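Reviewing the structure listed below.
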Amino acid sequence: MLDWYLSPQHAALVIAQERGLYAAQGLEVNLLSPADPSIAIKLLTAGEVDLALTRQPLLHLHAHNGAPIVRIATLIETSLTAVIVLGEEQLETENTLAELHYGYTTGEGRDLSIPRLLPRSVQQTDDFTAPINLHFDPIRAMREGQIDAVADGYYHTLPQQLATEGINTHTIRFDELDIPRTDGLVVLANSDTLVRRADTWSRFVLALEQASHWIIDNPDAAWELLISAYPVLENDINASAWEDILRRMALNPAALDSRRYTAFETYLQQQGLIDDTLPVSRLAIDPHAL
C-alpha cells in the first residue's frame, strides 16, 4: 500500500510493474492508494496488506508505539518534506520562526518539526496559538489564511500548487533545524512474518533495484512510461519535479545505512520523545541478508 496518492516518487514501483520485473521474479504486485495516509501502517500491522510505504521518521514513531514493522527497502534517500512558509524567502531566526502559526499533516510534523520551531518557552506564553492538524489538506489552510506555515509539506508539490493560485512560499529544509537526515520513502514489511517471507521480499526488492537502474539510465523513457501507465501524473508540477526526484532515488534499495537509523534514534531520545532507543535490527534490515 502506498503512503498516499500515486506520485513520481513511486516511480520504481510503477516501472517494475510496467516492465514485467515483478513477474520475472515470480511475483504478482498490486499498488493500492489509501483513503487516508494514516491507515497504511495500520493495515500492514493487521495483516491486511503485505507491504506499506512511509517516511523513516514515522517508522521510528510507530515502532516505539509497538507496531510490528520493519524497513526492507528505501525508494528515496532524502526527505521529501520540509517546512513550507508563506511569503518570500527572508532571513529566518529562531524568534521569527517562533512567531508563526503552524499546521501539520502527520506525526512527523507534530512531534519532530513543531518542537524545533516552537520552543517550550514559547508554547507556555499566554498569546501562544497552538499548531493545528490540517487533516492532509494544507492547501486549503494556507489559502484561507488559517496558518502561516506547514511543518511537514511536500516541497516538490505544495509550493508549486500554491503558486498556481498566486500564493508565494519559501522552504526551510529540516537540515536547517538540526533534524538529522532520514530516508524519504521506505518500504515496510510486517516484522512478525519477516523471516517466513524473506525470500519473497528479497525478490521484490531486486525488482525495485532493476527498475531504479533502468529509470536512471533512461529518464525520459521512464517518464513517458510512468505517465502512460498513470495519465493522472502528467502535469507541469510533476514534470518539473522529475529531475530532482531522480537525484534522490535509491539505486540499491536494499542497502541499509545503519548509522542513519541509529542517529535518528539518538535524536529522538535527546528530544525527550522516547525513553530508550531501539536497535537498528528492530527498525530496518537488508532483505538479502536474511
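Using full-length UniProt numbering, you'd call the opening residue of the sequence shown number 1 and step up by one each time.
Ideal Cβ placement from N, Cα and C applies to all residues, glycine included.
Bear in mind that the values here come from a model prediction, so they are computed numbers and not experimental data.
Beta-carbon spacing of P8, N218 below 7 Å | no
Excluding the 5 residues preceding and the 5 following D178 in the sequence, name in chain order all residues of the same chain whose CB lies nearer than 8 Å to its CB.
Apart from sequence neighbours up to five positions away, the residues of its chain that approach D178 with a beta-carbon distance below 8 Å are R116, ordered along the chain.
Secondary structure, beta strand (DSSP E): runs of 3+ residues fully inside the region 148 to 203: 149 to 154, 169 to 172 and 185 to 190
message: Taking the alpha carbon of A163 as the reference point, which residue from H213, L208, I139 and H10 has its own alpha carbon closest?
response: I139
So for V29, helix, strand or coil by DSSP?
Secondary structure of V29 (DSSP, three-state): coil.
Same chain only: Cβ atoms within 6 Å of E18, ignoring 5 sequence neighbours per side | L225 and A229
Thinking just about the alpha-carbon of each residue, which of Q271, L273, L208 and H62 is nearest to the one in A255? L208
Quiz prompt | 6 Å Cβ shell around L61 - same chain, five flanking residues per side excluded | solution = G107
**Asked** Relative to the C-alpha of E144, which residue among V122, I167 and L32 is closest?
**Response** Considering only alpha carbons, the answer is I167.
Query - From L100, S212 and I84, residue whose alpha carbon lies closest to that of R173 - result: Check the Cα spacing between R173 and each of L100, S212 and I84: the tightest is with I84.
Check: Got a sec? Which residues, its chain only, sit under 7 Å from A284 by beta carbon, not counting five neighbours each side?
Finding: V70, R71, L256 and Y261
**Request:** Starting from the C-beta of T129, find all residues in its chain whose C-beta is less than 7 Å away, skip the five residues before and the five after it, and write them out in chain order.
**Result:** Contacts found: H101.
Check: Is G109 closer than 7 Å to D152 when the C-beta atoms are compared?
Finding: Judged by their CB atoms, D152 and G109 are nearer to each other than the 7 Å cut-off.
With respect to the alpha helix (DSSP H) encompassing residue 330, which residues constitute its N-terminal and C-terminal limits? For the chain, the structure presents residues 1 to 290; residue 330 sits outside this window and is missing.
Less than 7 Å separating the beta-carbons of A73 and V205?
yes
Using a Cβ-Cβ cutoff of less than 6 Å, which residues in the same chain neighbour A52 once the five nearest sequence positions on both sides are dropped?
M1, A40, I41, L44 and L188
Self-check item: Coil, strand or helix - N133 by DSSP
Solution: strand
Length of the line joining the Cα atoms of T105 and T182
Linking T105 to T182 through their CA atoms gives a straight-line distance of about 18 Å.
| query | Going by the CB atoms, is the gap between M249 and S202 shorter than 7 Å? | reply | no
Q.
I need the straight-line Cα distance from A24 to T93, nearest angstrom please.
A. 53 Å
Just the C-alpha distance for R259 and V186, rounded to the nearest angstrom, thanks.
Computed Cα separation, rounded: 16 Å.
What residue range is occupied by the uninterrupted alpha helix (DSSP H) comprising L61?
Q56 to H64
Verify whether the separation of the beta carbon atoms of P37 and F136 is less than 7 Å.
yes
Note the first and the last residue of the continuous alpha helix (DSSP H) segment covering T96.
E94 to A98
Q | Alpha carbon of N133 to alpha carbon of Y5, nearest angstrom | A | 19 Å
Bounding residues of the beta strand (DSSP E) (the contiguous stretch that carries T74): T74 -> beta strand (DSSP E) spans I69 to I76.
> Below 7 Å between beta carbons: does that hold for T277 and Q271?
Replying inline: no
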